[in-house]
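Report on the following structure.
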Amino acid sequence: MQRRTLLGAAVAAGVIGPALVAERASAARTDAGVSVFAFPLSAVTLNAGPFLDNMNRTLAYLSFVDIDRLLYNFRVNVGIATSAQPVGGWESPMTELRGHSVGHLLTALAQAYANTRNTAYKTKGDNLVAALAACQAASPSRGYHTGYLSAYPENFFDRLESGQSVWAPYYTIHKIMAGLLDQYLLAGNSQALSVVTAMAGWVKTRTDPLSSSTMQNVVLRTEFGGMPEVLTNLYQVSSNPDHLTTAQRFDHAQILNPLASNQDQLSGFHANTQIPKIIGAIREYHATGTTRYRDIAANFWDIVIRHHTYVNGGNSNGEYFQTPDAIARQLSDTTCECCNTYNMLKLTRQLFFTNPARVDYVDYYENALFNQILGQQDPNSSHGFVTYYTPLRAGGIKTYTNDYNSFTCDHGTGMESNTKYADSIYFFAGETLYVNLFIASTLTWPARSITVTQATSFPTTNATRLTIGGSGHIALKLRIPAWVTGATVQVNGATQSVTATPGSYVTLDRTWASGDVVDVSFGAALTFPRTNDDATVGAVKYGGILYAGEYGNTDLGGTLPTLQTATVTSAGSLHFTGSASTGTASLIPFYKMHHQRYTVYWKMSSANTGSSYEAEAATLAGQAAVRSVSGASGGAVVGFIGNGTANTVRFTNVSSTRAGSHMVTIYYASGAARSVTFTVNGAAGPTVATPSTGGWSTIGSVTTNVNLNAGTNTIQLGNTTGWAPDVDRIVVGA
Ligand SMILES: [Zn+2]
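Residue numbers for the sequence shown, in my numbering: 29 to 762.
Encoded structure:
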């Protein structure tokens, strides 16, 4: 494998951006519908901080783990002698998911090598790939079809195709294929490309004879991981249309069709079975340009984030999607499977490539990364053991994996998460540089003699400093998170006159000289975001960081303590205290909460009844009119918002005693599913989807968080691209 071909393939897979496009191999395909690009992992180095600490613990595990023990089942499966001791957990010789961890390990080793250039990880990956190639070559001798590579017999697929019970055979195949493709793309292992290509051929052999009905109604009923994603990625690398055709055989109509029409029918489905299907859809959009795939992915993201996501960025209870907006009544020890969040971050990243104007994608990425993924790993574990779930019941506690006797899905995705933090800090398009996350790191911009070093102790301080090395033109786009109460931007000590709107980018477009320094500092506030289903239940955030109450050995038994929100005050760095029904509560960042019981959610001392504001007839413009309703929401009027830019309904004199995020509930009537966008003090705010109420005389409500100034605010609601719901009134939380 020539280096030039490797880089070309990586460009096509969306792993490396067009700065290297000149080296693209003729066989590779360029992603469609993408307007921003990732740097290769080798371009970004993590510097001292919590993310590097996490990564180093996982790297220690990657160095430690014995690949011969993990290969035991693969070798036994094809009659290759092994003296290794089998391992336990989900990799034990009797577990039907055996083999999946080898895929995760391949990916983690490839990422570790790409990010650190430490050849020990490459050597280990090469050895693993060579051993797997030998197992694949021996498959026909056991009566398996050519290209078959697994740690269990091929008759698992006979069982799958005939509707018999079997755990998730294609899920495991996907992990191995994805790991091999990553070994090729990130570590330059050409043998890995041969092995994964042969596996893709086997998938085609296996699925081609099956009718569409058998695929849809039998095979796809069982969890199959990211089969459409990895096959599409292989198509982008190889241009072999067979891989795309095979990928599309895994398009699961039962899940994708409702999403194409923006219907939330996720309740009752296993969450992490579905998220990879949607990652497949966005990759199929990038491979084909078919916008239906893009819409499926964008709609899914909006539905999951707005209606199925907890305050820490996680989703699912007992691994399943619950009814929309069921949050406060779905708190347990089995909330927020970490794989789900790992996969939501993958999806979010692809959607950001597709539409970088959606800064809320990045706000979510930061929220889930800092408030779930970073805290998934046990800091006391030198091997970076991780949690499976993130319990959110009052009195929950995190529990962790181990070296050789767990090998759960989350042990695997944990290896991946903790070796790729460098992949989402910076992005680029031409000479535009996006600074999305505040993580200490150094970017060495490929093909340009420019480095950007980010020094930050965020979230200990809400500030970051970028120092430019080398010189040249950069349109530097600094993310201003939605949670800020204000931001100051300085270049070489001089304050810049820029508008730092929360949830946007500030752009500094200039030719930079070596040694130029950019300082950004953010204002932050305490907020108490409430759950969608119970305005009396909420959590505590300071800026973008989620704080949880320390409860030591006290099992609260699921009973939420009541927190007197007005008493919550700073008690030092990354520490707050407040009066709670259990006594004085000590709150620390949730990502630092380990080895003790905690509560993330609280009963809040004051319900989020807040202040109610009626749509005012005098403020209605354009086609807007006012019509009376029965007052089902408690209001007297409905603002009737037409279809067009001039049609808005306005709420003036919305008062707030503090700047920052406030919970705003809209009461609306809408016979059909619609959406409405906030404009707050003239700046764009969130867009909320309003599901059908079933009739125009029925009032529904939907809640979102909106940043307000201290003092008087003007909130305007409208929809420039289609009909909006009729809005009756809004309630603004304190
Ligand atoms: Zn999992």
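Each residue gets a CB set at the ideal place from its N, CA and C atoms; glycine is no exception.
These numbers come from a predicted model, not from an experiment.
heavy atom of ligand 1 below 7 Å from residue i C-beta
i: N300; result: yes
i: T147; result: no
i: C364; result: no
i: D361; result: no
i: D59; result: no
i: T441; result: yes
i: T718; result: no
i: T436; result: yes
i: Y176; result: no
i: Y199; result: no
i: C769; result: There is no way to answer for residue 769, as the model of the chain reaches only from 29 to 762.
i: Y763; result: Summary: the structure shown does not reach residue 763, with the chain confined to residues 29 through 762, and so no result is reported for it.
Separation of residue j from residue i, as counted between CA atoms
i: N368; j: N735; result: 28 Å
i: L591; j: F455; result: 40 Å
i: T235; j: Y176; result: 13 Å
i: T427; j: T174; result: 41 Å
i: A553; j: F380; result: 27 Å
i: N747; j: R97; result: 58 Å
i: M205; j: K505; result: 36 Å
i: V759; j: Y629; result: 21 Å
i: A701; j: S720; result: 4 Å
i: V231; j: Q139; result: 26 Å
i: A660; j: N245; result: Below a pLDDT of 50, predicted positions are generally treated as unreliable, and A660, at 36, falls in that range; the measurement from the model is reported next regardless. Roughly 44 Å between the two C-alpha positions.
i: A653; j: R757; result: A caution first: A653 carries a pLDDT of 37, below 50, which makes its placement in the model unreliable, though a value can still be read off. Going by the C-alpha atoms only, they are around 14 Å apart.
i: D210; j: M227; result: 14 Å
i: D754; j: R678; result: 12 Å
i: W195; j: A717; result: 36 Å
i: I467; j: Q164; result: 41 Å
i: N636; j: M691; result: Any reading at N636 must be qualified, since the residue scores a pLDDT of 48, below 50, and its modelled position is unreliable; the value itself is stated next. Whole-angstrom Cα-Cα distance: 8 Å.
i: P78; j: L402; result: 8 Å
i: P269; j: Y263; result: 6 Å
i: Q400; j: S344; result: 13 Å
i: I595; j: S601; result: Checking the sequence, you will find Thr at residue 595 rather than Ile. Each residue's alpha carbon lies about 17 Å from the other.
i: V568; j: I303; result: 28 Å
i: A684; j: T693; result: Just to set this straight, residue 684 is Ser in the shown sequence, not Ala. Each residue's alpha carbon lies about 15 Å from the other.
i: D186; j: P384; result: 44 Å
i: T233; j: A281; result: 22 Å
i: G514; j: F349; result: 36 Å
i: A563; j: S452; result: 34 Å
i: T680; j: G739; result: 12 Å
i: H335; j: Q291; result: 12 Å
i: T316; j: A60; result: 7 Å
i: T200; j: S499; result: 47 Å
i: L125; j: A161; result: 20 Å
i: V115; j: F435; result: 9 Å
Beta strand (DSSP E) segment containing residue i, residue limits
i: Y575; result: I573 to G580
i: P617; result: G611 to P617
i: A711; result: A711 to T718
i: I743; result: G739 to G746
i: Y570; result: V568 to Y570
i: Q164; result: Unbroken run through Q164 is the alpha helix (DSSP H), T147 to A166; no beta strand (DSSP E).
i: D547; result: V545 to G551
Residue range of the unbroken alpha helix (DSSP H) whose run includes residue i
i: Q378; result: C366 to T382
i: I401; result: I401 -> no alpha helix (DSSP H), and no H or E assigned at all.
i: I694; result: Not the alpha helix (DSSP H): I694 falls in the beta strand (DSSP E), residues G688 to A697.
i: A354; result: Per DSSP, A354 belongs to no alpha helix (DSSP H) and is neither H nor E.
i: M443; result: C437 to S445
i: V596; result: V596 -> no alpha helix (DSSP H), and no H or E assigned at all.
i: F328; result: T319 to H335
i: Y428; result: Here Y428 belongs to no alpha helix (DSSP H), and DSSP marks it neither H nor E.
i: A112; result: Neither: A112 is in no alpha helix (DSSP H) and is coded neither H nor E.
Residue-chain proximity (residue i, chain D), Cβ-Cβ < 8 Å
i: Y199; result: The displayed structure is made up of one protein chain only, and chain D is not part of it.
### Sequence ranges, beta strand (DSSP E) only - wholly within the region 188 to 251, length at least 3
List check, beta strand (DSSP E) in window: nothing returned.
### Query
How do the region 78 to 86 and the region 442 to 454 stand: do at least 3 beta-carbon pairs fall below 8 Å, yes or no?
Segments in contact, yes.
#### Entry: Sufficient close CB pairs (3 or more, under 8 Å) joining the region 580 to 597 to the region 483 to 501
Note that the region 580 to 597 does not touch the region 483 to 501; fewer than 3 beta-carbon pairs, one per stretch, sit closer than 8 Å.
### Message
Assess contact between the region 55 to 72 and the region 421 to 440, defined as three or more Cβ pairs (one per stretch) separated by less than 8 Å. Is contact present?
### Response
Segments in contact, no.
### Task
May I have a chain-ordered list of the alpha helix (DSSP H) segments no shorter than 4 residues that lie completely inside the region 50 to 99?
Listed in chain order, they are 78 to 92.
#### Entry: the region 389 to 397 in contact with the region 269 to 280 per 3-pair CB rule at 8 Å
Taking 8 Å as the limit for Cβ pairs, the verdict is that the region 269 to 280 does not touch the region 389 to 397.
### Message
Runs of 4 residues minimum, wholly inside the region 257 to 301: which ones carry the alpha helix (DSSP H) assignment?
### Response
Within the region 257 to 301, the complete alpha helix (DSSP H) segments of 4 residues or longer fall at 269 to 276 and 281 to 288, listed in chain order.
### Message
Counting beta carbon pairs with one atom in the region 556 to 566 and one in the region 519 to 539, are three or more of them shorter than 8 Å?
### Response
Touching, no.
### Query
In the region 463 to 538, which residue ranges form an unbroken alpha helix (DSSP H) of at least 4 residues, counting only runs that do not cross its ends?
If we require 4 residues or more, the region 463 to 538 turns out to have no alpha helix (DSSP H) run fully inside it.
### Query
Does the region 130 to 150 come close enough to the region 103 to 113 to have 3 or more Cβ pairs within less than 8 Å?
Cβ pair count under 8 Å is below three, so no.
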